[in-house]
Amino acid sequence: MPGRFVLVLLIAVQALCCTSAVADGIVVDKVYHPYVLPNEREIEWRLMSGQTEERNVLGQRIAYGHALSETLMVEAYIVGEKEQDGDFGLQGYELELRWMLTEQGEKWADYGALFEIEKQHREDAWEATAGLLFEKEFGKTSLTMNAFAIYEWGENIADEWESEFRLQYRYRWIPQLQPALELYSGEEFFGLGPAFLGIQRFSGQKQLKWEAGFITELSHPGKNHTLRIALEFEF
Amino acid sequence: MNSSKPGVINTISLLLLIFTFELFAKSSIKEFHLSLEQHVFSPAELTIPADEKVKLIIHNLDNEAEEFDSFDLNREKVIFPRKSAVIYVGPLPPGRYEYFGEYNPTSAKGVIVVEVQNAR
């Protein structure tokens, strides 16, 4: 058991040391959990607001998700983005498939996989992502890690491989308030910061989940903060 | 292509290695049973051993689905009508862990009692 814990730490260190690429997007987004519930339907809204000394970037995503089976969930996104001097507008579309690989608690840790395909609006620019989702409970805390391999191609984008790593260490205090520490690495970005997660249940399967995080880049001198907010209504 | 490709491939390879090891790892896990009838879980209190992973098998005898939900246990699971569902719980420290059915929270509720000794 301690051996596996050390291996997990090694994976985190390995991922943190080796995720890099030329920056052309917002790295701070969301840490995915490897779970799917059958009959689950959801509407999701995410906001990422990044600020550096040179520029401000605002990204938003609206999505609808539907469980296809006990282990598969598909989600379709509309992505909007705004640079400092530009108008907010449609940036792209994305289709995402989340696959729960193991039953929660069955193995030493829980595993999932994520596949995404994204196309930029009115541009020949594509992005395909494949990743592994990992979660391990330690008493009242949960460690979640995502490792993604990303390939970009098309006439309007340089063909390249990228990688991203995300980590969240969450204390399950009360359903409505679960403080966490989040870490994002990729595209020459390494950021760390606090986050707060919560869930409010209503009747039946209806529930509202929220997440908010404030991530500060540590890999470069100068200002680079990202505020992220996510709301997810499941029904 | 840049230097990130080998890094992420190594990371994913290591995660896949652990996952493969997990798939073939076998261990004996004690089984405990709960039943759901007329939107009531029975027994209302179930005792399991502390510091040990257990397999909780929930039999839904009703004609409607129910969703087992417990923040204490960090578990959520849909139990289809006239079917059984498996939930892996623990290892847990001694204590009382509440759960409920999301569709019938007033009647479908219970407690998992985790004790050091005399587990049934």
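Taken in order, these protein sequences are the chains called S and U. With the first letter of the first sequence counted as 1, position 189 gets the number 189 in UniProt numbering; the numbers rise by one all the way through. With the first letter of the second sequence counted as 1, position 66 gets the number 66 in UniProt numbering; the numbers rise by one all the way through. Ideal placement from N, C-alpha and C gives every residue a C-beta, glycine not left out.
Among the options, which residue has its Cα nearest to the Cα of residue i?
i	options	result
F88(S)	E96(S), L97(S) and I78(S)	I78(S)
V86(U)	F32(U), S28(U), F21(U) and A44(U)	F32(U)
G193(S)	L227(S), M145(S), L68(S) and E232(S)	L227(S)
D159(S)	S185(S), L47(S) and A125(S)	A125(S)
N74(U)	N60(U), E66(U), E102(U) and G90(U)	G90(U)
L218(S)	Y184(S), F233(S) and K209(S)	Y184(S)
P34(S)	E234(S), L68(S) and E103(S)	E103(S)
S28(U)	D110(S), E106(S) and G154(S)	E106(S)
I26(S)	V36(S), A67(S) and N56(S)	N56(S)
Q120(S)	T144(S), G92(S), L143(S) and A147(S)	G92(S)
L114(S)	F233(S), Y32(S) and K206(S)	Y32(S)
L61(U)	E98(U), F71(U), S13(U) and H39(U)	H39(U)
S42(U)	L17(U), G95(U) and Y99(U)	Y99(U)
E45(U)	S13(U), E115(U) and V111(U)	V111(U)
E187(S)	I174(S), W161(S), P175(S) and L181(S)	W161(S)
I174(S)	E102(U), P94(U), D72(U) and E37(U)	D72(U)
V114(U)	V54(U), F24(U) and F19(U)	V54(U)
L58(S)	M48(S), H66(S), I150(S) and K136(S)	M48(S)
E54(S)	G222(S), F190(S) and F233(S)	G222(S)
S203(S)	F24(U), V116(U) and E67(U)	E67(U)
E182(S)	F233(S), N156(S), T216(S) and V36(S)	T216(S)
K30(S)	N146(S), G50(S) and N224(S)	N146(S)
S163(S)	F148(S), Q176(S) and W153(S)	F148(S)
I229(S)	E40(S), P38(S), L143(S) and Q60(S)	Q60(S)
E118(S)	P38(S), K140(S) and W153(S)	W153(S)
E76(U)	E81(S), A63(S) and E40(S)	E40(S)
E123(S)	W108(S), L90(S), Y111(S) and E137(S)	L90(S)
L92(U)	S69(S), Y111(S) and E137(S)	E137(S)
E232(S)	E70(S), R166(S), T52(S) and Y64(S)	Y64(S)
G80(S)	L68(S), S69(S), E94(S) and E70(S)	E94(S)
T141(S)	E127(S), F165(S) and P179(S)	P179(S)
L34(U)	L17(U), H59(U) and L15(U)	H59(U)
S70(U)	F24(U), Y97(U) and L17(U)	Y97(U)
Give the range of the beta strand (DSSP E) segment to which residue i is assigned.
i	result
residue 244(S)	Only positions 1 to 235 of chain S appear in the structure, and residue 244(S) is not among them; the question remains open.
Q207(S)	Q207 to E217
A158(S)	Premise fails: A158(S) is in no beta strand (DSSP E) and is neither H nor E.
W173(S)	Careful: W173(S) lies outside any beta strand (DSSP E) and carries neither H nor E.
residue 248(S)	One cannot answer for residue 248(S) here, as it falls past the ends of chain S, which runs 1 to 235.
Since residue i sits in a beta bridge, which residues does DSSP pair it with?
i	result
L167(S)	M145(S) and L183(S)
H66(S)	R41(S) and V74(S)
I26(S)	Answer by DSSP bridge pairing: none, since I26(S) is not bridged.
R55(S)	R55(S) pairs with nothing; no bridge assigned.
Q117(U)	Answer is none; Q117(U) lacks a bridge partner.
G50(S)	V57(S) and T226(S)
Y151(S)	A128(S) and W161(S)
With hydrogens ignored, establish whether the beta-carbon of residue i is closer than 7 Å to any heavy atom of the ligand FAD.
i	result
L192(S)	As far as ligands go, the structure on display features none, and thus does not contain the ligand FAD.
Cβ contact (3+ pairs, closer than 8 Å) linking the stretch 197 to 210 of chain S and the stretch 158 to 176 of chain S: Yes, the stretch 197 to 210 of chain S is in contact with the stretch 158 to 176 of chain S.
Taking contact to mean 3 or more Cβ pairs, one atom from each stretch, closer than 8 Å, check whether the stretch 127 to 141 of chain S and the stretch 30 to 50 of chain U are in contact. Segments in contact, no.
To test your reading of the DSSP string, which unbroken beta strand (DSSP E) runs of 3 or more residues are found completely within the UniProt domain "EfeO-type cupredoxin-like" (14 to 114) of chain U? Taking only runs of at least 3 residues, the beta strand (DSSP E) segments lying wholly in the UniProt domain "EfeO-type cupredoxin-like" (14 to 114) of chain U are 30 to 37, 40 to 42, 45 to 49, 54 to 60, 66 to 70, 75 to 79, 84 to 89 and 95 to 101.
May I ask you to verify whether the stretch 69 to 76 of chain S touches the stretch 95 to 105 of chain S, counting CB pairs closer than 8 Å and requiring at least 3? Segment contact: the stretch 69 to 76 of chain S against the stretch 95 to 105 of chain S, three or more CB-CB distances shorter than 8 Å; contact assigned.
Would you say the stretch 103 to 110 of chain U touches the stretch 77 to 86 of chain U, given that touching needs at least three Cβ pairs under 8 Å? The way I'd put it, the stretch 103 to 110 of chain U doesn't touch the stretch 77 to 86 of chain U; fewer than three beta-carbon pairs between them come closer than 8 Å.
As an exercise, report each continuous alpha helix (DSSP H) stretch of at least 4 residues that is fully enclosed by the stretch 73 to 139 of chain S, in chain order. The qualifying runs do not exist here; there are none.
Any contact between the stretch 208 to 224 of chain S and the stretch 35 to 53 of chain S? By contact I mean 3 or more CB pairs, one from each, below 8 Å. Three or more Cβ pairs drawn from the stretch 208 to 224 of chain S and the stretch 35 to 53 of chain S lie within less than 8 Å of each other, which places the two stretches in contact.
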